[in-house]
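A.B. asks:
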Amino acid sequence: MNIKKTLSAFGLFAGALTLSLPATAADNYPSRPIEMTVLFGAGSSADLAARALADGLSKELGVPVPVVNRPGGGGAVGYSYVRDQPADGYHIVWNSNSISTVHHQGNLPFGYEEFDAVAQVSTEKPVLAVRENAPWQTLSEFMEEAREAPGRMKVSVSGLGSFTHIAGAAMFNAGEATMTPVPFPGNEAVLNLLGGRVDATVQLPAALVPHVKSGKVRILGVSSDSRLDLFPDAPTTIEQGVNSNMEMWRGIAVKKGTPQEAIARLDAAIKKVTESEDFQKVADNLAFSVSYLPHDQFAQVIAEDDARIAELMAQMASSN
Amino acid sequence: MNAGKFSRGLGIVLTLFAAGWVATVLYTIPESHIPGTPGPRTFPLLLGTILGFLGLVLVFSPAKLCLDVPSAITNREVKVVGGTFLVLFGYAFLLGKIGFVLATPLVVILVFKVMMGIRSWTKTLATAIIIPAVCWLIFVQGFEANLPRGTWLNLL
Amino acid sequence: METILSGLQQALSMEALLAVFIGSVLGLIFGAIPGLTYSLVLVLLLPLTFAMPTEAGMGLLLGCYLGGMTGGSVSAILLGIPGTPSAAATVMDGYPMARRNEAGKALGTALFVSVFGGLFSLIIMVFVASYIADVALAFGPAEIFALVLFGLSTICGLSERSLTLGLVAGVLGLMLMTIGLDPLTGVQRLTFGFTDMMQGVNLVVAMIGLFAIPQLVDTFLSKDGNKVDLGKFGKVRCTLPTWQECRQNLGLVTRCSAMGTGIGAIPGAGGPIAAFLAYAHAKRFSKNPENFGKGEIAGVAAPESANNAVTGGTLIPLLSLGIPGDPATAIMLGGLLIHGLQPGPLLFQTNLDTVYAIYAMVAISYIAIFAVQLWGIRLFVKVLAVPGEYLAASILVLCAIGAFAIRNSMFDVYMMIGMGAFGYVLKRLGIPIAPVVLGMVLGEILDTNYRTALIMSNNSHATFFESWTAMILLGLTALTIITQVVKRCRNPAIPANDETTIPNAKNADGASAH
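Residue numbers (the working numbering), protein chains in the order written: chain A, 1 to 320; chain B, 1001 to 1156; chain C, 2001 to 2514.
#1: How many whole angstroms separate the CB atoms of D2353(C) and G2063(C), which I take to be in contact at a CB cut-off of 8 Å?
#2: Which full runs of the alpha helix (DSSP H) of 4+ residues lie inside the stretch 2114-2185 of chain C, going along the chain?
#3: Identify whether P22(A) lies in helix, strand or coil by the three-state DSSP scheme.
#4: Check the Cβ-Cβ distances between T2452(C) and every residue of chain A, and say whether any is below 8 Å.
#5: Is it true that the CB of A2302(C) sits closer than 8 Å to the CB of L2252(C)?
#6: In the stretch 97-182 of chain A, which residue ranges form an unbroken alpha helix (DSSP H) of at least 4 residues, counting only runs that do not cross its ends?
#7: Residues of the stretch 2372-2390 of chain C in Cβ contact with chain B at a cutoff of 8 Å, in chain order, please.
#8: Are the Cβ atoms of T2195(C) and G73(A) separated by less than 8 Å?
#9: Against chain C, with Cβ distances strictly below 8 Å, would N1154(B) count as a contact?
#10: Helix or strand or just coil, what does DSSP make of E311(A)?
#11: Say whether chain C places a C-beta atom closer than 8 Å to the C-beta of P71(A).
#12: Below 8 Å, how does it come out for the stretch 264-277 of chain A and the stretch 94-108 of chain A: are there three or more Cβ pairs, yes or no?
#13: Reducing DSSP to helix, strand and coil, say where K255(A) ends up.
#14: Tell me E1969(C)'s beta-bridge partners as DSSP assigns them.
#15: G2418(C) lies in the beta strand (DSSP E); which residues open and close that run?
#16: Find the residues of chain A that neighbour S2467(C), judging by a C-beta separation of less than 8 Å, and give them in chain order.
#17: Give the straight-line distance between the Cα atoms of A2363(C) and V2205(C), rounded to the nearest whole angstrom.
#18: For my contact list, A2103(C) and L2078(C) are in at a C-beta cut-off of 8 Å; report their separation, rounded to the angstrom.
#19: Tell me M248(A)'s beta-bridge partners as DSSP assigns them.
#20: Comparing C-alpha positions only, which one of A303(A), V68(A), S244(A) sits nearest to F1143(B)?
#21: Whose C-alpha, out of F2220(C), I2081(C), L2190(C), L2479(C), is nearest the C-alpha of I2179(C)?
#22: Whole angstroms are fine: how far does the CA of T37(A) sit from the CA of R2255(C)?
#23: Please name the residues in the stretch 137-165 of chain A whose beta-carbon is closer than 8 Å to at least one beta-carbon of chain B, in chain order.
#24: Whole angstroms are fine: how far does the CA of V82(A) sit from the CA of R1149(B)?
#25: Are the C-beta atoms of N1002(B) and some chain A residue less than 8 Å apart?
#26: Where are the beta strand (DSSP E) runs, 3 residues long or more, that stay fully inside the stretch 176-234 of chain A, in chain order?
#27: Please state if the CB of G2157(C) and the CB of A2280(C) are separated by a distance shorter than 8 Å.
#28: What does V68(A) touch in chain B if you count any residue whose Cβ is under 7 Å from its own?
#29: Taking the straight line between their C-alpha atoms, what separation do you get for G2270(C) and F2150(C)?
#30: Compare the C-beta of S2024(C) with all C-beta atoms of chain B and state if any pair is closer than 8 Å.
#31: Hey, how far is the Cα of G2118(C) from the Cα of E304(A)?
#32: Any C-beta of chain C sitting closer than 8 Å to the C-beta of L1094(B)?
#33: Do P2267(C) and I2323(C) have their C-beta atoms closer together than 8 Å?
#34: Note the first and the last residue of the continuous alpha helix (DSSP H) segment covering Y2279(C).
#35: Name the two residues that bound the continuous beta strand (DSSP E) containing T2350(C).
#36: Does P2085(C) have its Cβ less than 8 Å from a Cβ in chain A?
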């Protein structure tokens, strides 16, 4: 009896509160906090970059931009969450190529088409690296040996079907060779290169910074058409005749159908943040490149990349 | 119930579960991408088999095993345990619907009144307000953390 | 010498000192509160450190990590709910001690050995870090697999009553961890197509459910008085261990600290393995092994010294290789990177002062922990006198927050409750919970390292017998299993235990008498 009474009292109280919630309108966007979903756990370098961006955005837009980590399923959990929210511009996602890899791996029932691109923020160029005392001096030498004995080259990657695996596969494809990808969870891919148990590793530069700087690890090829600012001595794949160019991009996306005004407002704010010195400093510390692209060009990048990743993953699946 | 019966019963349940597990694994997890090497299904299969084996050990050699026979389930235990999990699932459900700030007082009142049989309303209501308020202050105000928010209505 | 001084100067700046102190206290408190873990508070604190000076930010995170590892034993001992997975082994003897009204002694011992283990690992870190880092590099998938198998073999020692039930529990724990996305291939396992299930079973979430919810049920079951439950004691004594008692276990604690430091340095292994191995070690070499599980002081001292020694161990690969060994050090790596410090071999050349500052902060943190906790024990012990309804309501709410906030996931709240139901059923059937936790801790590492080792060796099992490290560990595993099986075959009937091991059966008996 008492419980019932209490419950109904709470019901009344709660009803009164719903009425007072602010109505959302596109013209005065943003009028309340914008929540940024991050697909990784706190502390990873992608998470740190997202937090730096959110910090800048909050100053630009004048509303708080809390970062909420929703890791799991290689990004599937976070993407699904944002897709299930209203398309009002108050739920944004720090996205990356993972939208394509997770989708084509069969772990996400929908693809990039469910989101509207807002702006590209950063890129990271995967590199192929070997130990300092490895016999190969150039990528061509390495590829030649890999061609002669197919599958002899053990290359550590961060999980099969992960971006580093796909980027590695693209490199070996272009070099007309094959590798044996050895999947490792977390940072152990680098550890096992240092420990001498694999011949090479494909990683994003951030994972290799201390080891390249101390000379324990050499970069044979940067998967790009331009060199890294961080390691200007490391040659690219393209300049060594291996025609593979896959970059990890990251940016902001919102649910499909978000008002154009909100996207434009966010895009402009992101552009400002990426131009700031503070953000550039974070990029230097975390070893990624700031590379802003407005929403229309970003949408194009996502679509093109998706097609390439789909093709590569289909090829990888059939070759095994 | 004696130790032999208990051991047999437990063994049968475990063996059946293991069989179901193995069937599910075979049916839903693909084989390794490299033929012949252990793949994603190797480990679950192995574990299911071991559990099935242990179940059979319990079924067929009950005399040698030294088990404590659990006491019989009383009506009171059924009520209390059922009540506890009703409260817990109800709390989880409410957290998703009306958010932390509203769901928590309700659950504290339930715990005090129904589960613990506390008579004093003053004590109950005071706790029902203080616990969520302190948590909210520490997590939302102090750490700027995220507490469960409701989809029906939300106060955070 | 100059760098040492400048490092100390940095560490001893007022801000940094304050940060280390606050971090240690926060860690202690969060570790001590059931449902909340230091992993959670690290996640919450990380963004706050961005705006701080480097040393202060680092000190806050470091203090929190060390404090949390120490504080985890508090709720393990007082309430039977470990405050971190690494304290799961502490429950086995700490909780029975608290129920004998020896909480003060258990907490005091845990504090002394935690600080000892932590400082021991600090000394190792300062003097032989580079050597230990090489050890970490020597551990490939085959060696880690062998180590994990050795860890699993301790299940034999954890299941006093029935080896079969202990193995059942261990296998169930291993099975739970296969649910979710396979970390190596990204294939869904036993998710039944649900996106939420791809998150898998989070260890911290599962641990909260497994331990806290059965305690909650017990409290509700015995609300009318004299049964075993939360808040049972009217008056609690707080007696710290005597100097004599500390000295008795000095050898054991030193060995366990060394073990903890070594295991901590191997990325991916971590605290819980060290704690369980230390517990098994203490039991095997004890003069009275039959007392383990009933409130033996060595059963608290061994895992607590080992899990705090792990903290120094994990900092070695973090600082010297830039590779974090567990989620806590991964967050600390983030804290260093955002301030422009790149851990790795070069850190010791270019930022030696920072390295010394970190060493100094570890020492300061342990001094702070010791001082605060020595006083805090008296306060914490009073928890036992708090009426059950307040404890039950707070624990329920905190468990929900703790499960949710780790990954901002309602799925985890439901998972925590589900694991609670699982834990209650196990407890009721007399199946031990510690092996489940051990299985969960080791499941993923065992699976991934086994497969990776075989991928690298082109599917040749000989790879597990190629290095001395793996051979020795596999030999120890075989030895443990054989001696246990022989012992059990010779003496299959083990005398019935007293109430401490099967509280629930007693409890329900009592309840039914009403």
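Where a beta carbon is used, it is the ideal one built from N, C-alpha and C, also for glycine.
C.D. replies: The short version:
#1: So it is not a contact: roughly 19 Å between Cβ atoms.
#2: 2141-2153, 2155-2158, 2163-2176
#3: For P22(A), the pLDDT reaches just 44, beneath the cut-off of 50, and the residue's location in the model is therefore unreliable, although a value from the coordinates is still provided. Coil at P22(A), not helix or strand.
#4: yes
#5: yes
#6: 98-104, 139-148, 163-174
#7: G2388, E2389, Y2390
#8: yes
#9: no
#10: helix
#11: yes
#12: no
#13: strand
#14: The shown model of chain C, from 2001 to 2514, leaves out residue 1969(C), and the question about it has no answer.
#15: No beta strand (DSSP E) holds G2418(C); the alpha helix (DSSP H) holding it covers 2410-2429.
#16: Result: empty, since nearest Cβ-Cβ is about 11 Å, beyond 8 Å.
#17: 31 Å
#18: 6 Å
#19: E124(A)
#20: V68(A)
#21: L2190(C)
#22: 45 Å
#23: L160
#24: 15 Å
#25: no
#26: 180-183, 200-203, 217-222
#27: yes
#28: N1146
#29: 14 Å
#30: no
#31: 52 Å
#32: no
#33: yes
#34: 2271-2284
#35: Unbroken run through T2350(C) is the alpha helix (DSSP H), 2347-2350; no beta strand (DSSP E).
#36: no
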